[in-house]
Each structure stands twice: as structure tokens, then as C-alpha cells.
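First the structure, in the form of C-alpha cells, and then the observations on it.
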Amino acid sequence: MTEKINEDGMKIVYPREQWCIACNLCEVACMTEHSRTKDPLRAYLIEKPRPVSRTKVEYLPPVAVSVMCRHCAEAECVEACKNGTLTRDEKTGKIELDRDKCLGCWMCIMACPYGVITQVRKEEKAVANKCDLCPDREIPACVAVCPNRALVFEDRG
Amino acid sequence: MKIDSQGMHYKVLNQKINEAVIQGITDIELFNVNGQRYIGDGLRKEVRINVHGVPGNDLGSFMNGPVITVNNNAQDAVGNTMNGGKIIIKGMAGDVCGYGMRGGKLFILKDAGYRVGIHMKGYKTLNPIIVIGGNAGDFLAEYMAGGVIILLRMFGRNDHNNIIGDYLGTGMHGGTVYIRDGIDKKKLGKGVGVSEPSAEDNMLIEDIIKEYAADMGLDAGKILNEKFEKLTALSTRPYSKLYTY
Amino acid sequence: MKYVIIGNSYAAVFAVESLRKTDKSGEITIISKEPYHVYARAAIHEYMDGTIGDAQMYYRDKDFYEKHRVTTIFGRTVTGVEPEKNRVVLDNKQKIDFDKLMISSGGVPIVPPIEDFKGVGTFTFTTWDDAKVLKDWVKKQKMPQAVVIGGGLIGLQCAEGLKHMGVDVTVVELADYVLVKALDSITAQRVQQWLTHNGLKVITGNTVVSINRAKGRITGVKLKNGEKVKCNTVVLSIGVRPNTSLVEGSGIKVNRGIMVDNSMQTNVEGIFSGGDVAEAEDFLRKKGEVMPIIPVATMQGKIAGFNMAGEKRTYPGGLLQNAFQFFGKSVVSIGNVISIDHNDGFEEIIKDEGDVYKKAVLQDGKLVGVLSMNYIARIGIYNSIIRSRMDVTGIKDKLLSDKFGFLDLPKEFRDEMLTKPG
Amino acid sequence: MLYKNPYNNYFDYVVQRDMDKCIRCKDCVTQCSYDANFYDEERDLIYSLDSNCVGCMRCSTFCPTDCIRIVRNPDTFRINANWKDNNVKDLYKQAGTGGIIITGMGNDKPYKNYWEHMVIDACQVTNPSIDPLREPMELRTFLGRKPDRLEVNKDGDITTKLAPQLVLETPIMFSAMSYGSINYNVCESVARAAKELGIYWNTGEGGLPDTLYEYGKHTIVQCASGRFGVSPEYLNAGAAIEIKIGQGAKPGIGGHLPGEKVLEGISRTRMIPVGTDAISPAPHHDIYSIEDLRQLIYALKEATRYEKPVSVKIAAVHNVAAIASGIARAGADIIAVDGFRGGTGAAPKSIRDNVGIPTEVAIASVDQRLREEGIRHQVSLVAAGGFRNSSDIVKAIALGADAVYIATSALMAVGCTLCQQCHRGRCAWGITTNDPELSKRVNPEIGAERLVNLIRAWSNEIKEMLGLMGINSIESLKGNRDRLRGVGLSEIELQTLDIKQAGM
Amino acid sequence: MGIKPSTPYGKDFGGCGLVGIIDRSGGSLSGSMVVSSLCSMKERGNGLGSGYAVYGAYPDFKDSFGLHIMYNDISAREPVEEFLKTRLRIKHSEPVPVKKLHSMNTPPEFWRYFADPPEDLDVQDEDANDDLIVGVVMEINERIDNAYVVSSGKNLGVFKGVGHPDEIAEFFRMQDYKGYLLLGHTRFPTNTPGWWGGAHPFTILDWSIVHNGEISSYGTNKRYVEMFGYKCTLLTDTEVVAYLLDLLVRKKGLTLSAAASVLAPPFWKNIQDMEPPKKDYYTALRMCYGNASLNGPFAILMGFDNGILGLNDRIKLRPLIVGRKGDIVAIASEESAIREVIKEPEDVWAPKAGEPFIVKLKEDVTQVRST
């Protein structure tokens, strides 16, 4: 595992499993936010390809937790990526994924110790899909929608 | 330290006791006690209080630590909601003794009144113990949830011997009652089971009785010669089927 | 401080990045024999078949070296390293001084003793140029028929690429099945079946002994068993070996690769190595190993970079892992998935359901390897479990469940993972 | 559905789902704690087992596409003015089970609600109203015993030592709800809110979890017949001690926490083994008469060295005025009277719906009686039982209460939808359950915030109402029945409440 | 102070402390004894009611009915005396001697009348005489405002009022009385303060009763005795017990212990286990007199001409304890009260729940009250 460094400090989404109630709304919001229409009904029922949530609610009663990209300071996905599709933006600290570049080789899926990189269809092929911290929003959609503050957007650097 | 309690209001007497305890005095002897309530109430130090006379109600209530010896009878509600420590009554005691008791020991030489040991609870290391040398009135061990009550039936008034309690252990859902010298099954409350004490039970009884006998100046061997019967709750959920929704 | 990096691939890039994180002012020079800006060496088969274009081939933005203030010397080969003089010698005799040197010269294809393996129609397949040349060649053939020698990963990727280009491809593998170093026999055979199903011809337990030509043009190859396979193209891809020739005589110790300690330093102070050329500790086996895979190369580059710049970092050991796919089917292997000695505390857990095959390998109750075919979701979690060395005896039953996740793992581990910055 | 006893299969609610809007997110499935919603993977459909629905609205409020409606089951028995639906359903239920019917929350029967028949006075012209936005408005309330008179020495200094008091920044407290009947997270929500608001919460009879001792200065610790968790440490941990004699939802009967709710934390706090029933029957077995109550009051005072006020809580019953008088004379510093609309826990339905009297009349008669006896000023009176808003509170104080206890409305602030399933321990809103999965649904950060919001809002409304009455201090409202008028009340009702008819 | 409350609160209830002391040899016990015993249980009362009964108080008039009448307003005296003259022959009347205390603002006035039935009534028909007195008491209590009969037995004086036991004792000069049987009561009422009539003991004829607890069956009992002409006018549940006993023993002819078994009947469970004659006896008592049984927690001491009865409710929810030394027997709520008057008791014990405890004068003791 990468040694944890986060020299600039940055806000990312942290789960608080103590409060996760497995309502899946983070997944719904994530999908919706990353849909074309930003409408849950269309995102789920009409849009092709169907958007894929970038967070994953694990549920093993009584515990649940929503897991998504940690935007690691030394991200293993970036280190495993074949062609630089995944990079770390040194200014924001975000791990960026360039969909146009993605080969769909799944080295990132293999490498990510959190298992938070998913696959999504892009035209004919599948590409990697991961949390982008909702660039259009002040607070990521999953955090905003969480009814129980089980997701927080914080800098714990 | 000695306190003459003659004519003293309980509030004054208890304040004197508290002050003494705060000063670090560990042995307090009370004389001419007659009816003063709440002696030892809420005390949390390991002090010894020796009472001459008949203390009033709620002796040692909410207490956690002291050893109180009463050289005579005691009144009602001895050891009410007591947490720890020990109360030795070298006479008889009144009703509602050891109510909600969840730790410590209450030793009574002779009879105890009605409703003794109701709501006794044991929890982890806390295991309240009541030993009654005589008989007890109705409702002994009612709603008992833990702890140990030993009824010896030795020093009961013969003319009132029948006073062995009815409704014994009603609503009991934990704890153990040991009765020396048999019990009329008709007097048992619902949900109480009778069994022979196991070897482990007997060891426990022996330990407790030895301590009791030593405190009371009795011969433990004589007490232990008789057979004991063991009462336990048949269920930890005695009323689980009472309700619907 | 003068830093010199030999090589321009994964390890080099990460070395540059970590050098610059720590040392903002030192001079960095990169020397590469290839003329290109840093590119995705592992994607050449996709480049070849046209799946991707130039834009996707570049590993970093064009201005990457500029931004990191790196001097690049491309198209030059380092011919010697002179540790006592703190300099390297290039093929043009130019001498470059360094205070700290990083050797990430990669690997070179192994060329077996095949008769007549040279000239028109024969190819190796490790560089972008290799791919470009092969691509051009194939396009010129009316009826392209290729024999790919070597059923390893690169060989099969090349074969698939060729297949996509309409080439009639035969793979010849000496071992009993393909991907013998990466997979266990079951998955390997399934991959093989799948390749066959998709129109590749695969010959195993055999090898090419000679190339037949007519008028200089290849007409076929002759196999060890005497069989002949018609073709006009032969690609050699039986593997690479560390490119260590440049340190010969320098005093830098070489075993299979350049030997480094856990700071990625060679036996010579100030000289580091990383990538396919280096022989560093294997996380599981705890001994030196050459691991020509990207995550190892990048991590080694990173660690080397930090240490060169003076920030002490320790290499945790390389973990063998790979993800690949053929004709749309994915396979991921992590850690030790083959050569199980059942008497040595090893245990295999296998889940074989329909299309999906998953295997976990445990050693003394600890997870040491995971192999999965056709199901790769969240597979990286196993990576962290292997790294953690935790005892998984208690969760053996759940380990390969599709729902397996952090909640099946100890709370302390989960909290460590999920509540702290990544 | 198939194997149900048909006689027990009359249910109240139906889950309607607009399948055009259902995105199969399964939120409703995970949120339903009563097994009413299911996902059928094969058909990729969500469907509902309506007979399990309790109408708690958890699924419909969580549905991200608003595709769920919970509606009354349109099935109806033949209309019969005598045999109402609930009479019929209850009868069938009991014929099937032989059990006492248990329900949750307070009396929901349509008894006359006197709050709704009282109106508040406002100043116009002759005496000015006050603008609470600008001017000081005091809600601080002291609860505890007050001396009949202050002794003054010849220098004019006051020599009377005042008895310990509870100081409330607003005359609202969180009423007793035991840890166990509600879960830890709700307790923590309430405790945090009390601390922030400068008021008090009440532990109920389940003891005080050691992790909540930090809120002790804002805690009233309760001592009930089961004596759960009552130790000297506990008694000294709070700011006051309350002896629970009765509670509004079930006057005259006790509490009973079923063994399945007694999990580790509750076990530790109540100091009883995991899984055993926690029974606290109606009487304290050491209290069978008023002098026994006095005995316990003073036992508690002795145990806490007279440093804590002692409150006695009773249910509002016919004779409440006389009982309250006795309690005052028995040495209690605070008397809490819980009306029959109160009650957040489980109660037998027959009792909840038929026993006790409304808080409104209880407070009026207690206050009146204590005044007639000349002792009202010495004790504090807390009204409890079904306060729904700030105006109910203003009216209660005008009738004579010093402060009020709220519990139902507090639970509603943290999510309760009054589905009355408290006794089942499966509360979908995570309140009256100790199930670790369901308990998580109340995050104390949110719970406390919402409670603080509610009490702040009510306090501001109380200030507004004080202002319009031309009053700038809550003590001028206390017992100020002149500020109330009755609307639609009979003469005897007006007389009982001791208020005038509107227009007079 | 001192007036009957005007508000219709219905019955009052309260908790209390009680004590009874008897000298079985018929000797004279000082009134001070019962006072000091009661004062040791001050904690059980709240200063709003205390009272005493002294059997053997009036040896000079022991064959006449002694009526203690309380006047909340002295103007009631005239109509009372007018009325008494119409029914009885008054032999002697006088104010009850009292000592005015600063702590009492306006205590009622007390008079006592020693009277005999009119000559035309057969003196041997004790029942008729008693009925006559009961009628007189009920009529005064109900009809004449501000007048209440505090006691009406022979050789019996009852002294009660609002105050702590020591205050009431001082007020009524208890030290000046002697008797063979003394009852005392300190009260913790929850009624309005200042109702002197609400203090215990309650009496009718020779029955005097002190009570601790609350009669939950009051409504049933009250309506039952009212069928037989008793009027419950004193706003307390205790009053009804005196009437029940008078009804059961004097009118219905039950023995004292049978009457006690009516008041606190055995549980059906216990009756079930009895042998036939006994079983039938108790079954019959419960069936016939169920309306007279008392429910709720109580401890009662009832004095009568030659003894005292102590009775607990059948699950003993109120305390009662007995101490004995020689012929002196004391029964009280707390042992300390007994030890206040019997320093070294030979025996101390608690009577059983629901089982009457009766101590009578010794057989050979001359009846103090002749019949």
C-alpha cells in the first residue's frame, strides 16, 4: 500500500460507517449527477449507457458503508495505469481520469486497494469510471444527498 | 468514634456520620438509636458503623461500601437499592429489605418481613446476597433478576412459623434462592423452578454460610447439616407471551 | 545536484515526479535511446491494431519534462557507466556527469537460436517502433499470415492485435499452455480456448526452429516436431531480459537484473535502478526478483526518485500482478497464483461458476494470491489484503463472494483504510 | 400472505408504487424494517407486502423519485357506528393471540383537546405589547423548592439558604424516556440538545450510560420501581432526581422492557444481564402510601446530601390535585404531572386509551389546589403529556405550570412519524429500537441539531406571545389565567380550568 | 383554620403512623405514653392531623355515652344541645379542657356530653341504645352545620385535630388522662390543611379506628354502609372502616375475627386449599360481604371496649409490628415507637398479612365498662 501522504491537504469524501443506513441514496445521487440529464428517472431508466455510480454501498447488516475514491496522494491506480489515463492533479490533489484516453485495460481496477474504480460503457467500449468529486457542485452529490451524514466532505490531511 | 443518638433527628445524626467519614474515621459506633432513618444512606466509603438500638427505615439505602452492624432488630427497607457493602442485623428485620439491591450483603439473624429481595439484580461482578436466618413473609424474591437469597428458617418465631412466604419468586427471571429445610411448593410463584443444588451451588452456600455464621456467632456446620433446595427462574422472559400487537 | 536518469518509461517518469516533489532546483537529465516523448510501452498492441492513436499513446502530456524542468537526450544510448567518475558515456562518446544516477534501461527481447531470424518479415515486439514497423508490414501483405513465437502476455497481445488487423495468426508456445508464467493451468487453458474460439491458432509444446524463405520472403516456419506452418510474418516474443549491458564492467552488481536494496540503490552509492532492469525484493518471497510490470516499475521509480533527492523512502517489495484481456474477457492475477506447494502451508480456494473463475491462494492463513477471470469488480481490495499480511482464515468462506468487501474485513483494518487520507 | 391466519389479516395501510417512476434503487427495501418491501431480482421489480406496512412513511420519504404513496387500506368493514374498524381489528387480533394489545405513543382517541378551546389574550392600545425582537424577553425558569419567605438579618442581608434549583433557559425540558426504550443515539441527541439549550433531559428509568455522564449537569436522573441503574454514582451524576410514580400513557401500570431489547449497552447501564426482561411494575415496592414516598424522597436527598432537587412524576388522574398536594407535603421540590396524551413508549391499548385525564385540566386543578393550600409558591409544577407546539406551552404556563416536559414532540423532531410501533423494537426511524442497524438511523449530530432548532423556534414563539401579552418575563405568565379565554367550553369546563368565556 | 373544607374534593386519603397500647390487666396507662410513642414517628406525619383515643378516660361516667362534639363555630352549640335534649338525657356537659397554643390560630371548640338514652328505652336492649346513638351522631354530622361528633362511646375519649402529635397532645392536655387502652395516630393527609374532623381516630360508639393507607375500595364500601343508614360525612376513607365494623359486628352479628376476615379476606387461592367447613365458611363470608372487603394498602388499629384489633391488608403493604412486656402490649407502625414505651420488650414480632391480631383484657379483669 502506498504510504499515506497528503501534503497539501484536500477535501475528499469520507464515509462514517457508524451512521450509514444503507439507503443507497449516495449511489442514486452519484449516478444522477454523472448522467447526461441529471434526472434520476432518466438516468436510471432511459439514458444509454446507463451511468454507473462511483461509490459503492457495502451492506453487511447491521453495518453499511459507502466506499469511493480516496484520491490518494500516491495513488496506486495512477501507478498502475498503462498510458497515463489516470493522473494526479498536483494543484487540486484530485486523481483525474481521462476517459478519452482510457484503454480499458483494468490495471487500475486491479491496483486500487479500495476497489472503487468501476467500468462504464463509452460508446463501443468500456472505460474506467471513478469519483471526480463532482466538479459542478460545491459539495459532492453523495455527501449532499446523504440523509444521515454518513458521508462527509472533509480535509483530514 | 461514638455518637449518642438519643433524641437526635436523623438528619443531624446522618450529617455527623458523613462528617466523620469525610474526616477519615473508619469506625463509628452509634448508641441509643431508636428509629433514626437513612443511616449509611449513599455512603461510598469502606467504614464500619455499629448500631446499638433499633435503626429506622431505609438503613443503608443506596449504600456502596460500609459495613453496618445492628445489634438489635431493624425496621423496614433495610439495604434499599444497595450497591455494595454489608449490613448485619443481629435480630429481625422488617418489610421490603434489599429492594432493588444489586451488590453487597445483607445478613439477618431472624425473620424478615414481607417483600424482601424484590427486584434484586446481579450484574457481572456484582452479586447481591441476602441471608435470612429465620423466615420471610410473602413475595420474597419477587421479580428477582439476579443475586442470591438464602433462607435458613432457623430462628423464626414458632407461633408464627407459618410466615414462610407465599408467592415466593413471582416474576423471578434471574438469580437464585436457596431454602434450607424444604418448602411448600404451593407457595411458589409462577415461573419458579425447584431443583437440587449442584456441587457448585453447595460450595457457594458453604462460603456464604461460613461468613454469615462467623458474623452472627453461629455454628456453620449445624446450619449446613440440613438439605437446601434451590429455586431459579424457569425463564428470563417470564411475561414474553402476555402481549400482542 | 545533478540527476541523470537512463531510460524514458514508467520508472523514469515516476522518478522524475518524486525527484521534483522533493528537490525543486536540481538538474535532471533523461537519456533514452528511443526518439519519443514518454509513451505507453504496454499499449503498443492496441496502437498497432488501431484501437488507439498517438494521443492515447503518450504517457504524459507533451510538456511533462518541460514542466518538471528535465533535460532530455533522446535517441542516444548509454554505453557505459563510470561510477568512480560520476558520469555516463553515450554512444556518441558524450559524457554526462551526475551526482545521482538512476538506471531504468528496461529490457531487451530475448532472441533464441532460431535459424535465419533476421531480415524481412521478422519482428520483435517491445517498442513503439516495433509496433509501427509491424503494422506497416502487415498492411502491405495481401494475405497476411503470422506466426507469433511465444505464448506469453506480449506475444498473445500482439497476436490478438494482428488478428484484429485481419491477420491469420498462429501462436507457437514451447510450454504446455500459454501464459504459463502468469496463470495457473486452468485459467491458461481457458484463455487458450477463448483465443482459439476467436480464431487464433495456438500450438503448444512446440517451438520454431527455423524460418523458411523463398526469394528472401518468408514462406513459413518449421517447428521442432517437424511440422511446418505457412506464414509471411514472424514475430518473436518469448520475453525480455534486463538490459544490463550498459553497466558491464562498472562494478554495479548484476544478478538477473541490476541488484538494488530497498531504497532502490545499487551496490554503488548514488546509483539507483528501477523498472524492468532492476532486481528488487519480491514482497511475498522476500528475495530479489525482476518484475517487469508497470506497478512495480512505477513504484520503484518513485522510491528511487525520493531517495535520490534525499527523502528516505523504503521499497515495500514488489507484488506481481497483472490485468489483461483477450477478445473482451478479462483476467486479473495478483501475487502468487501458481507453483503452489501444497505441503508448504498453501491452500487454494476456488470458485468456479459459469463464466467466472476465481481463485485465492493462502499461505499460512494469509492471502498471497488471487486470480480471477471474467469478474474483476473491486478486485484491488485483495491487493490491500495481500499487502496487509492479515490472517484471513476466518473469512475464507466469504473471500471470493461477489459481495466481498471491507465489511467482511476487520473493523480496524477498514477504519485504517477508509477514515484516513488515501 | 399465504400462510396468514385470515382473521388476523386486516391491515391498515397499502404501499402504492408508481412503477413508471421506480428506479429499483431498493432504498425502500433497505429502509423498511417491517419487511413490507421486497425486490424480486428475477422480474426486476419491487413489490410490497401491504399487511406488514405500519404506515411509518420511512420508504416514501426516502424514495428518491417519490414513487411511493402510503395510503389507508381502502378495504373497509361494514359501516357500524358502534363497531369501529379498530374495535373489530383488535377483537380479531385478540381472538387469535389471547394477548394484551400493546401499542405505542400516547392516547390517540378523539377526546376533547382543551388547548384547542383556549385562546390567548393580546394587548391593544390600553397596555402596550412588547416587541420581542428589540426588547429583552426573559424565559429563564427556576425549578425547585422556594422558601415561604426570605429571612433577613438586621443588616438587611438575606440569611435564608436557598434550596438547590434547576435553571432552565427556556421552560421546556425533555421528558423521561429510558435508555432501552429509546436507543443510545436518541439519548445522546436529547442530552446534547439539552446541554446546548441550557435545559434538562430526563434519563427515564433506564439508568445513565456512562458515556453520557458528561451531560450530567443537564440531566435529571430517574428512579423508578425497577431501580435500574440506580447507584450512588448515578444519583449524584444528574442535576436532579425524579421519582417516577406514574406516566401519562399508562397511569397505574409499570414499564416492561422486553428481553430482546436488553442488549449489551442497555444491560451495562441497567445493570441486568443481557436478554432478561427489565420489569418495573407499577408500584415501587417500598412505596404504598404517601409517607413511604416521603421516605424515598428523603432517602434520595440523604444520598445526595441535599444537593439535588427531587421531582416526583405522576400521571394525571382524577384525584391528581390531592395527590400533588401530598407530594408537595412529602418533600418533593418539583411535581411533574403527565397527562393522558403523553407517553412515548409502549402501553397496553386499553389503558392508554381509557385511563387518566388530560394535562390541561390536571394542571389547572393542581395549581388551583396548591394555591388554596397556600403552598403553590413553594414547589414547582411541570406539565407533561402531548405538547405539540409553543402555544400549548404558553397555555399550560398560563394555567399554572412552571415548565413543561416534552417527549413525543422531541421524538418527532428526530424523525418519529407516530406509527405507534414502539413496542416492537423495529422502529424504522431508528428511535424506539436498539437494533444496531436501525439505531444508526438517528445520528445524534443531526438529532441534537433538530431538537435545538425546535426548542429555539418554540422559545421564540413563546417570546412573541409574551410580547403580545405585554409581558417580558415568563414568570408573569405563570398562572396568569386572565390571559386565557375559553371557546366552546361548558360552564363546568370553564370552571375546572378556572378561565373566563371568550368575550367576557 | 378549623373549618370543614367547602370544596367538594370527595374523600381524602393519606399516609400515617399509628400506635396502640393496652394494659391487659386493666391498669391505668398515662396519656403521655401514647404521646411519646407517637412522637417518635413524627416523620410519618406532616403536622396536618394527630389524634388519640383513651379507653377508660371517664371512669366517673363509665356507664353513659360520652359524646365529644367539635364546634367549628360555637354558634352550632345551641342547635346541637337542643337536638341532644330531644333524644337523650344529658347527665353532664362541659367544655373539653384545652391549652391554647400559639401555633394554632383558631382551633374549633370542643364540648363533651355524658348522656343516657331516654327512660322509655329498654336499658337492656343494648342494640337499640346503640342504634339511637348512631342515629344521633349521623344526624348531627349531617344536619347541623359546623358540628361534628368526635366520639360517642362509653368511658372513651377521643382527642384529635390539626397539628403534630405533640401539639395536639399539649392542646388536649393528654397527660391528664389515664386509660387501659390508648390509640394514637399521626397523619399525612393530602387534604386541605386545617380540617380538624379529618384527623384520626374515627369512632362510632366504642369503635375507634386509626388507619394508615388508602382504601381503594372506598366507593364500594361507602355505598354499602350507606344502605344501612351510615353517612360518610368526614371526607376520609377511614371513617367508613369504623362504620363497617359497627355494621358487621354489632348489626350483622359477626365475631370480631370474622369481621376482620371480611375486611381482609383470604385469597381465593388460599380458600381453595382449605378443608370443607373452613372453606365453606370463608367462601360464604366473601360471597355475602364482598362489598365490605377493603382493598388497597392499609394497616388498621381498632379499639373496642375490651381490647384492640390490628389488621393489615392481605398482602401487608403497610407496616404493623407488635411488642409485649408482661401485660403491656403495644402495636405500632414502627418498632421504634414500641421501644419508646416498652424499653426492653420480651417479644417483638410482625403480624401476618390479612390476619387480625386481637389483644383483649384478661378474662379475669373486671369489665371496665359495665353493661
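Residue numbers (the numbering used here), protein chains in the order written: chain F, 1282 to 1438; chain G, 15 to 259; chain D, 5 to 426; chain E, 25 to 528; chain L, 6 to 376.
Don't be surprised by glycine CBs; every beta carbon is placed ideally from N, CA and C.
Chain L within 8 Å of residue i, Cβ atoms only
i	result
G:Asn48	yes
Residue i in three-state terms, based on DSSP
i	result
F:Arg1430	coil
D:Thr318	coil
G:Glu225	helix
D:Tyr51	helix
L:Thr371	Note that L:Thr371 scores 47 on pLDDT, short of 50, meaning its location in the model is unreliable; the coordinates nonetheless yield the value given after this. Correct three-state label for L:Thr371: coil.
D:Asp412	helix
L:Tyr76	strand
L:Pro282	helix
Burial state of residue i (16 or more Cβ within 10 Å)
i	result
E:Lys373	buried
E:Tyr31	exposed
E:Thr227	buried
L:Ile79	exposed
E:Phe101	exposed
E:Arg164	exposed
Residue i - containing beta strand (DSSP E), residue span
i	result
G:Val68	Arg62 to Val68
L:Met307	Phe303 to Phe309
E:Arg509	Leu508 to Gly510
E:His280	Gly279 to Leu281
Start-to-end residues for the alpha helix (DSSP H) that takes in residue i
i	result
L:Pro350	No alpha helix (DSSP H) contains L:Pro350, which DSSP labels as neither H nor E.
D:His168	Leu157 to His168
E:Glu396	Thr383 to Glu396
Below-8 Å beta-carbon distance, residue i vs any chain E residue
i	result
L:Gly218	yes
L:Asn300	no
Short CB-CB distance (under 8 Å) between residue i and chain F
i	result
D:Gln325	yes
E:Gln55	yes
E:Pro88	yes
E:Pro156	no
Candidates the options: closest to residue i by CA position
i	options	result
L:Gly312	L:Ser298, L:Ile343 and L:Lys365	L:Lys365
G:Gly131	G:Lys119, G:Gly56 and G:Arg194	G:Lys119
D:Glu21	D:Gly54, D:Lys143 and D:Lys71	D:Lys71
L:Glu2	L:Val142, L:Pro194 and L:Phe207	Within the shown structure, residues of chain L are numbered from 6 to 376, placing residue 2 of chain L beyond reach of any answer.
G:Leu256	E:Leu281, E:Val254 and E:Gly253	E:Leu281
Residue i at chain D interface by Cβ criterion, 8 Å
i	result
F:Arg1402	no
F:Cys1353	yes
F:Cys1412	no
Any C-beta of chain A under 8 Å from that of residue i
i	result
E:Ser335	No chain A is present in this structure, whose protein chains are F, G, D, E and L.
Closer than 7 Å: residue i CB and nearest the ligand GTP heavy atom
i	result
E:Phe198	With respect to the ligand GTP, the structure offers nothing, as it holds no ligand at all.
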